[in-house]
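Per the UniProt record's numbering, the sequence shown runs over residues 16 to 835.
Beta carbons are placed, not taken as given, at the ideal position from N, Cα and C, and that holds for glycine.
Just so we're clear, the structure is a prediction, and the values are computed from it rather than from any experiment.
Below you'll find the structure, written out as structure tokens, and then a few comments.
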Amino acid sequence: AATYDVVAVQDKWRKVWDDLDPFRAGSAAPGAEKRYALTMFPYPSGDLHMGHAEVMALHDVVARYWWQRGHDVLNPIGWDSFGLPAENAAIKRDENPAVFTYANIETQAESFKRYAISFDWSRRLNTSDPEYYRWTQWLFLKFRERGLAYRKFSPVNWCPNDQTVLANEQVVNGACERCGAVVTKRELSQWYFKITDYAQRLLDDMEPLESTWPSKVLAMQRNWIGRSEGAHVDFDITLASGETRTVTVFTTRPDTLHGATFMVVAADAKLAAEIVAPERAEALTAYVDEVRRSSDIDRLATDRPKTGVDLGVTATNPVTGEQIAVWAADYVLADYGTGAIMAVPAHDQRDLDFAKQFGLPVRRVVDTGEPNPEETYEATTGDGTYVNSGPLDGLGDKAAGIARIIEQLEERGTGTGTVNFRLRDWLLSRQRYWGAPIPIIHCEACGEVPVPEDQLPVELPDLKGSDLKPKGVSPLAAAEDWVNVSCPTCGGAAKRDSDTMDTFVDSSWYFFRYCSPQFTDGPFDPQAVRDWMPAAQYVGGVEHAILHLLYSRFFTKVLHDMGMIDFTEPFSALLNQGEVINEGRGMSKSLGNGVDLGEMIDAYGVDAIRLTMVFAGPPEADIDWADMSPGGSLKFLQRAWRLSGDVTSEPGTAPSDGDTALRQATHRTVAEATELVETQRFNVLVARTMELVNTTRKAIDSGPGSADPAVREAVEAVAILLSLVAPYVAEEMWERLGHEPTVARAGWPVVDESLLVQETVTAVVQVKGKVKARLEVSPEISEADLEQLAMADADVQRALDGAVVRKVVVRAPKLVNIVV
Ligand code: ANZ
Ligand code: ZN
Numbered sequence: 016a017a018t019y020d021v022v023a024v025q026d027k028w029r030k031v032w033d034d035l036d037p038f039r040a041g042s043a044a045p046g047a048e049k050r051y052a053l054t055m056f057p058y059p060s061g062d063l064h065m066g067h068a069e070v071m072a073l074h075d076v077v078a079r080y081w082w083q084r085g086h087d088v089l090n091p092i093g094w095d096s097f098g099l100p101a102e103n104a105a106i107k108r109d110e111n112p113a114v115f116t117y118a119n120i121e122t123q124a125e126s127f128k129r130y131a132i133s134f135d136w137s138r139r140l141n142t143s144d145p146e147y148y149r150w151t152q153w154l155f156l157k158f159r160e161r162g163l164a165y166r167k168f169s170p171v172n173w174c175p176n177d178q179t180v181l182a183n184e185q186v187v188n189g190a191c192e193r194c195g196a197v198v199t200k201r202e203l204s205q206w207y208f209k210i211t212d213y214a215q216r217l218l219d220d221m222e223p224l225e226s227t228w229p230s231k232v233l234a235m236q237r238n239w240i241g242r243s244e245g246a247h248v249d250f251d252i253t254l255a256s257g258e259t260r261t262v263t264v265f266t267t268r269p270d271t272l273h274g275a276t277f278m279v280v281a282a283d284a285k286l287a288a289e290i291v292a293p294e295r296a297e298a299l300t301a302y303v304d305e306v307r308r309s310s311d312i313d314r315l316a317t318d319r320p321k322t323g324v325d326l327g328v329t330a331t332n333p334v335t336g337e338q339i340a341v342w343a344a345d346y347v348l349a350d351y352g353t354g355a356i357m358a359v360p361a362h363d364q365r366d367l368d369f370a371k372q373f374g375l376p377v378r379r380v381v382d383t384g385e386p387n388p389e390e391t392y393e394a395t396t397g398d399g400t401y402v403n404s405g406p407l408d409g410l411g412d413k414a415a416g417i418a419r420i421i422e423q424l425e426e427r428g429t430g431t432g433t434v435n436f437r438l439r440d441w442l443l444s445r446q447r448y449w450g451a452p453i454p455i456i457h458c459e460a461c462g463e464v465p466v467p468e469d470q471l472p473v474e475l476p477d478l479k480g481s482d483l484k485p486k487g488v489s490p491l492a493a494a495e496d497w498v499n500v501s502c503p504t505c506g507g508a509a510k511r512d513s514d515t516m517d518t519f520v521d522s523s524w525y526f527f528r529y530c531s532p533q534f535t536d537g538p539f540d541p542q543a544v545r546d547w548m549p550a551a552q553y554v555g556g557v558e559h560a561i562l563h564l565l566y567s568r569f570f571t572k573v574l575h576d577m578g579m580i581d582f583t584e585p586f587s588a589l590l591n592q593g594e595v596i597n598e599g600r601g602m603s604k605s606l607g608n609g610v611d612l613g614e615m616i617d618a619y620g621v622d623a624i625r626l627t628m629v630f631a632g633p634p635e636a637d638i639d640w641a642d643m644s645p646g647g648s649l650k651f652l653q654r655a656w657r658l659s660g661d662v663t664s665e666p667g668t669a670p671s672d673g674d675t676a677l678r679q680a681t682h683r684t685v686a687e688a689t690e691l692v693e694t695q696r697f698n699v700l701v702a703r704t705m706e707l708v709n710t711t712r713k714a715i716d717s718g719p720g721s722a723d724p725a726v727r728e729a730v731e732a733v734a735i736l737l738s739l740v741a742p743y744v745a746e747e748m749w750e751r752l753g754h755e756p757t758v759a760r761a762g763w764p765v766v767d768e769s770l771l772v773q774e775t776v777t778a779v780v781q782v783k784g785k786v787k788a789r790l791e792v793s794p795e796i797s798e799a800d801l802e803q804l805a806m807a808d809a810d811v812q813r814a815l816d817g818a819v820v821r822k823v824v825v826r827a828p829k830l831v832n833i834v835v
């Protein structure tokens with residue numbers, strides 16, 4: 016059979032499309048609805064890989080479909096081009112990170128073009144371009160003006176390998192997310208974004224996203240924000256000096272206050288050292304040294320032996336008046352809640368383990384019907400009836416118990432109801448070179464002075480290789496010419512802030528910039544953003560489910576509060592694609608199971624790879640490349656292409672006198688395809704296209720023949736459907752059908768509703784020889800289906816009236832006879 020030359024077809028249309036530039040945003044008919052198709056921008060390390068190929072193929076189905084529907088589409092591309100990998104590569108090569116970065120960007124851009132993603136190439140941006148980071152810096156200053164960027168001296172997560180600070184979010188199981196080194200703590204003065212001010216709104220605004228974002232992502236965000244309702248309860252501590260000091264704890268179970276038999280403060284918080292009795296101070300110091308060496312995850316683990324130090328002071332339980340011991344321990348975290356807890360060992364296993372370890376009292380205050388934790392050392396955490404709880408005794412309702420205790424505390428002024436969030440402020444300073452410099456100047460006389468707006472961007476000095484080696488302070492600090500400046504306020508000698516911003520700052524607003532990437536009067540043109548945003552569809556990996564999405568949502572809310580935009584959520588819909596794996600495992604160098612995208616494309620062509628990715632399964636599912644058949648995809652594409660050579664009617668032939676059965680098949684396929692794309696079942700779309708190719712082939716070979724206008728109609732529909740997935744062969748088919756390029760903008764076929772109507776016949780249902788029902792059924796209905804329909808009919812059921820059915824005679828599609 017005839018075949019097309021994959022490489023020749025790719026080369027041919029690449030050139031034509033470069034000239035046509037068919038995907039410019041704004042090029043649709045006037046008044047067309049605007050749709051923003053956004054995909055997570057790539058990081059320029061090396062060339063494209065299978066993961067990119069998948070996400071782009073899926074994303075492009077939607078973008079190309081929108082063009083075919085006549086919408087105006089914004090489908091931009093750019094690069095998240097600051098970051099550590101480029102800096103580490105530059106150190107190895109003794110060059111500036113820009114060299115490696117921009118070379119990779121060119122390689123990737125070339126690959127994207129070959130891969131034929133329908134990007135608007137006029138909107139390219141790189142976060143490491145001064146024209147871009149000028150506005151990253153500007154936004155930082157605006158956040159600071161609003162009190163949303165501030166500096167504080169505090170213990171921070173420190174990666175000893177990368178020699179930089181990490182955000183909490185970048186510490187995974189106590190290790191650096193990038194390099195895996197065990198993260199330690201350091202005291203440093205650092206910049207933070209006050210994302211905690213937005214915690215409640217970040218939660219509330221998720222509600223409208225419920226049906227358009229994956230529920231898994233919403234759950235991860237909710238968990239990260241970690242809202243807990245509870246109370247602040249004040250405990251008076253009598254210090255060794257005889258003075259009283261009030262310490263507040265956060266608890267989600269104020270109703271168990273009568274069972275609070277000791278108190279625990281975080282060992283590494285200042286408070287512990289401030290309240291410790293002199294004779295216990297040395298023990299505390301030794302213990303804190305030990306604690307600093309372990310990670311938060313280890314500290315919170317329930318299965319590890321409890322450790323701690325008795326601080327030698329007592330606190331007063333505000334409801335029982337009892338004196339209770341105060342301990343310092345590592346299972347209480349310094350930076351959660353108030354860094355101090357009331358321990359209720361009977362109903363919290365960690366407290367109970369601690370009590371057991373150190374012989375502290377246990378008192379049950381909720382009787383759940385389970386064995387008493389005072390004896391079993393198994394904490395009971397469920398609901399029950401209050402006991403040993405004074406006024407609460409006998410009550411069986413937890414919510415009421417909590418409300419009553421809060422009321423009592425508030426009356427006496429010893430506590431208040433409160434809400435606590437797990438979310439911390441976003442630490443954005445990084446002691447590395449390849450990022451946007453923080454636009455602040457430190458002057459001894461004036462303090463922190465923002466770089467005046469007209470002096471932005473603060474450009475990076477040209478450093479390379481050996482200058483960039485991590486030394487614990489930013490390499491910028493050693494760039495004397497750059498760091499020493501005169502103060503913008505007093506003119507005296509001053510120094511630039513030598514830290515750079517976390518690259519998550521860059522990626523928190525790039526999708527705004529895409530709307531007007533050349534705009535010079537601000538980070539974006541407000542009108543352009545009004546036109547395109549929020550993005551109708553965002554496609555990307557679930558690895559960004561927390562950080563990037565949370566930060567982008569935060570930025571959007573701040574921009575809203577600044578009056579720059581009129582919406583509060585940036586992405587109306589989100590799609591997380593699955594992962595491309597091989598032989599059941601993630602691809603990795605160490606496993607040696609990597610699949611090279613370039614080799615795949617050389618062997619099968621772009622279209623076959625894209626089709627394979629889309630056809631593999633639902634977009635959210637992982638793709639095991641070992642089970643895929645790109646060769647099979649190519650065979651199918653050849654078969655589709657052959658159809659276009661068999662059409663003998665002229666372009667523009669009216670399909671109305673064509674073969675009805677084929678016309679019905681075509682129109683049904685298009686109607687279904689519409690539904691399938693809109694519900695993101697792209698793999699089924701491919702399956703339906705394959706069926707239409709087969710039906711059309713039969714019509715040509717053994718049906719109405721190649722001259723029938725219905726055949727042309729069918730093949731044109733195939734070309735348009737394929738244009739979403741396999742753009743090269745679709746274009747080639749379109750040309751062979753006698754049309755001008757580009758098929759990508761040909762328009763979605765219009766469905767003739769009258770061709771969707773299924774013919775029906777009337778089936779008669781008899782019970783005891785009398786007609787009891789008439790059913791409208793398909794002429795092709797099976798005997799079994801017809802019997803089932805008949806038995807389910809209400810009139811038939813009434814006629815049977817519970818009688819035992821002896822026999823059912825079915826003559827599909829016309830008759831069902833029920834004998835009782
Ligand atoms: C008494 C109590 C009794 C508690 C009980 C729980 C069960 P979430 O839901 O995660 O917010 N807690 C408070 N601050 C802490 C800290 N800095 N480090 C470790 N644990 C801390 O958890 C809130 C609960 O975790 C609080 O409620 C407190 O223990 C503990 F039957 O107080 B609870
Ligand atoms: Zn000054």
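{"Check": "For Gln205, the residue or residues it bridges with in DSSP", "Outcome": "Lys167"}
{"Check": "Under 5 Å, CB to nearest heavy atom of the ligand ANZ: contacting residues", "Outcome": "Ser243, Phe265, Thr266, Thr267, Arg268, Thr271, Val347, Leu348, Tyr351, Gly352, Ile356, Val359, His362 and Asp363"}
{"Check": "Pairwise C-alpha distance: Ile421 and Thr263", "Outcome": "14 Å"}
{"Check": "Nearest-angstrom Cα separation, counted from Asp304 out to Met65", "Outcome": "46 Å"}
{"Check": "Paired residues, beta bridge with Phe265 - DSSP", "Outcome": "His247"}
{"Check": "Pairwise C-alpha distance: Met643 and Ala131", "Outcome": "21 Å"}
{"Check": "Span of the beta strand (DSSP E), counted from its first residue to its last, around Asp87", "Outcome": "Asp87 to Leu89"}
{"Check": "Outcome for Leu606 when other beta-carbon atoms lying within 10 angstroms are tallied against a minimum of 16", "Outcome": "exposed"}
{"Check": "Through-space distance from Val279 to Leu286, alpha-carbon basis", "Outcome": "11 Å"}
{"Check": "Own chain, CB closer than 6 Å to Phe569, minus 5 neighbours either side, in chain order", "Outcome": "Ile210 and Tyr213"}
{"Check": "Contact test: Val498 Cβ vs the ligand ZN heavy atom, cutoff 8 Å", "Outcome": "no"}
{"Check": "Helix, strand or coil at His457 [DSSP, three-state]", "Outcome": "strand"}
{"Check": "Touch test, the segment 72-85 against the segment 96-111, Cβ-Cβ under 8 Å, three pairs minimum", "Outcome": "no"}
{"Check": "First through last residue of the beta strand (DSSP E) which encompasses Phe277", "Outcome": "Phe277 to Ala281"}
{"Check": "Cβ neighbours of Thr54 in the same chain (closer than 7 Å, five flanking residues each side left out)", "Outcome": "Val70, Met71, His74, Val554 and Gly555"}
{"Check": "Nearest-angstrom Cα separation, counted from Arg439 out to Asp270", "Outcome": "27 Å"}
{"Check": "Alpha helix (DSSP H) runs contained entirely in the segment 731-786, provided each spans 4 or more residues", "Outcome": "742-751"}
{"Check": "Reference Ala292; option with closest CA among Thr322, Thr276 and Arg260", "Outcome": "Arg260"}
{"Check": "Thr122, enclosing alpha helix (DSSP H) - first and last residue", "Outcome": "Pro112 to Arg129"}
{"Check": "Cβ-Cβ distance between Val380 and Tyr392 below 9 Å", "Outcome": "no"}
{"Check": "Collapsed DSSP secondary structure at Thr583 in the structure displayed", "Outcome": "coil"}
{"Check": "From Leu367, Ala759 and Tyr165, residue whose alpha carbon lies closest to that of Ala741", "Outcome": "Ala759"}
{"Check": "Contacts around Gly354, its chain only, beta-carbon distance under 8 Å, and the 5 residues preceding and following it disregarded", "Outcome": "Val280, Ala281, Ala284, Leu286, Val347 and Leu348"}
{"Check": "Start-to-end residues for the alpha helix (DSSP H) that takes in Asp220", "Outcome": "Element bounds for Asp220: n/a, residue is neither H nor E."}
{"Check": "Which of helix, strand or coil DSSP assigns to Pro476", "Outcome": "coil"}
{"Check": "Tyr553, enclosing beta strand (DSSP E) - first and last residue", "Outcome": "Gln552 to Gly555"}
{"Check": "Supposed contact pair Thr151 and Met516 - C-beta distance, whole angstroms, cut 8 Å", "Outcome": "7 Å"}
{"Check": "With 16 other Cβ atoms within 10 Å as the buried cut-off, status of Arg447", "Outcome": "buried"}
{"Check": "Presumed contact (8 Å Cβ cut-off) between Gly399 and Asp412, rounded CB distance", "Outcome": "Going by Cβ atoms, the distance from Gly399 to Asp412 rounds to 10 Å, so no, they are not a contact pair."}
{"Check": "Residues near Ile715 in its chain [Cβ-Cβ closer than 8 Å; skip 5 each side]", "Outcome": "Leu658, Asp661, Ser721 and Val726"}
{"Check": "Nearest-angstrom Cα separation, counted from Ile453 out to Val493", "Outcome": "It is worth fixing the name first, because residue 493 is Ala in this sequence and not Val. Going from the Cα of Ala493 to the Cα of Ile453 covers about 16 Å."}
{"Check": "Beta-carbon spacing of Ser489, Leu203 below 9 Å", "Outcome": "no"}
{"Check": "Three-way DSSP call (helix, strand, coil) for Gln92 in this model", "Outcome": "Here residue 92 is Ile; the residue named in the question, Gln, does not match the sequence. Coil, per DSSP."}
{"Check": "Close-in-space but distant-in-sequence residues of the same chain around Trp228 (CB under 6 Å, 5 per side omitted)", "Outcome": "Leu589"}
{"Check": "The ligand ZN heavy atom lying under 8 Å from the CB of Cys502", "Outcome": "yes"}
{"Check": "Where Ala636 sits in the DSSP three-state scheme", "Outcome": "coil"}
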